[in-house]
Amino acid sequence: MVCAASAAEFRWAPMLLQPAHAAAKHERFEVCVMQLPAAPITPTVVFDLDGTLVHTVPDIAEALDIALAPYGVGRTTIGQAASMMGDGLSEFFWKAMVSKRLNLSAVEADAARRLFIDTYAASPATLSHVYPGVRPLLHELRERGVHTAVCTNKVEHIGSDILERFDLRRYFDAVVGSGGDRPMKPDPRPIIEAVSRAGGRMERALLVGDTSADHGAAIAARIPLVLLDYGYSHVPINALTYGIIVDNPMSLHDAVMSFVGMEHYLGPDSDHHHRSVA
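If you count by the numbering used here, then the sequence shown holds residues 4 to 281, one letter each, in order.
Below you can see the structure in the form of structure tokens.
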């Protein structure tokens, strides 16, 4: 393993760091270069769902307001809902309870939580929309034969349903979500499962996401990461020290496609170091 010393030593980063202001927003990232085996490995791209492929917050906020309506609380704004995303629906509900300072009994709270999840599951794609540029990107990945998967902290059947309702499910080889005893991101195991179920290999996998959970999962899974700064991270994106930030759909397309065509692998390693890209 050889850590990168100059931009000339790897192919992916120079393409990701255009335009220049994107690099300025994220001045440090950890990078190492490893020669791939001689036999080509088909790339695998794993996408988060909420805040990455689909703007899902409007339907989640609506379901929350319906569940909490009997308790006389005010409506939930998109910004408030977005700030509580990233850790699954149940955790979203408990965060909302704290934010709205609701003092319900255990029975009332659990009933409201179940109503929230049931309401959302029944209508998860009414107010939501697919982000611009997502469909063309997924279509191009399919055309190139790239393995693709979704890895979400949302309950798996709800995540799959959202993809079906937006006619996106056909673009993915696998969908992995929460449920049962399966851990959630930032644990790397859902990512590893998603890559495996998609038919890919970890040494040629990329994660695209928008939160600290994705950031932690990519580091733990030892794969490169693209972070979107227009998603739902409650941690400032440029406070996260690993990965490449993109701020628009065209930059996301260029980042993913440059990974697909690259000849080297970029990821954290036991002897990694910070490298300035400013």
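Cβ coordinates follow ideal geometry from the N, Cα and C atoms, glycine included.
Note that the structure is predicted; figures quoted are calculated from it, not measured.
When only Cα atoms are considered, P227 and I247 end up about 9 angstroms apart. Here A99 is not bridged, per DSSP, to any residue. For the set R207, T45, P43, L52, the Cα lying nearest the Cα of S181 is the one of L52. For the pair T59 and D217, the CB atoms are not nearer than the 9 angstroms cut-off. With fewer than 16 neighbouring CB atoms inside 10 Å of its own CB, P239 falls in the exposed class. Of the candidates L140, G77, G264, the residue whose Cα lies closest to the Cα of R207 is G264. By the 16-neighbour rule on beta-carbons within 10 angstroms, S108 is exposed. In terms of CA proximity to H160, G183 leads the group R138, G183, L141, V149.
By the criterion of at least three beta-carbon pairs nearer than 8 angstroms, the stretch 160-176 is in contact with the stretch 128-136.
Note that the stretch 64-78 does not touch the stretch 146-160; fewer than 3 beta-carbon pairs, one per stretch, sit closer than 8 angstroms. Put simply, the backbone Cα of V153 is about 31 angstroms away from that of A112. In the structure shown, T244 adopts coil according to DSSP, grouped into three states. Annotated as proximal: A64 and T79, with beta-carbon spacing under 9 angstroms. For F50, the secondary structure class from DSSP, reduced to helix, strand or coil, is strand. Residue pairing by DSSP puts G182 in a beta bridge opposite R185. Under the DSSP assignment, L107 falls outside any alpha helix (DSSP H); it carries neither an H nor an E label. CA-to-CA, the gap between G212 and A99 works out to about 23 angstroms.
C-alpha of S93 to C-alpha of V179: approximately 17 angstroms in a straight line. Under a 10 Å Cβ-count criterion, V49 is classified as buried, with 16 or more other Cβ atoms of the shown protein chains found around its own Cβ. Per DSSP, V259 is one residue of the alpha helix (DSSP H) stretching across 252-264. Nearest to I81 by alpha-carbon distance, out of V259, D62, A223, is D62.
Approximately 4 angstroms separates the beta-carbon atoms of A66 and T122; this is inside 8 angstroms, confirming the contact. Within a 10 Å sphere around the beta-carbon of A242 sit fewer than 16 other beta-carbons, which makes this residue exposed. The Cβ atoms of D176 and G202 lie closer than 9 angstroms to each other.
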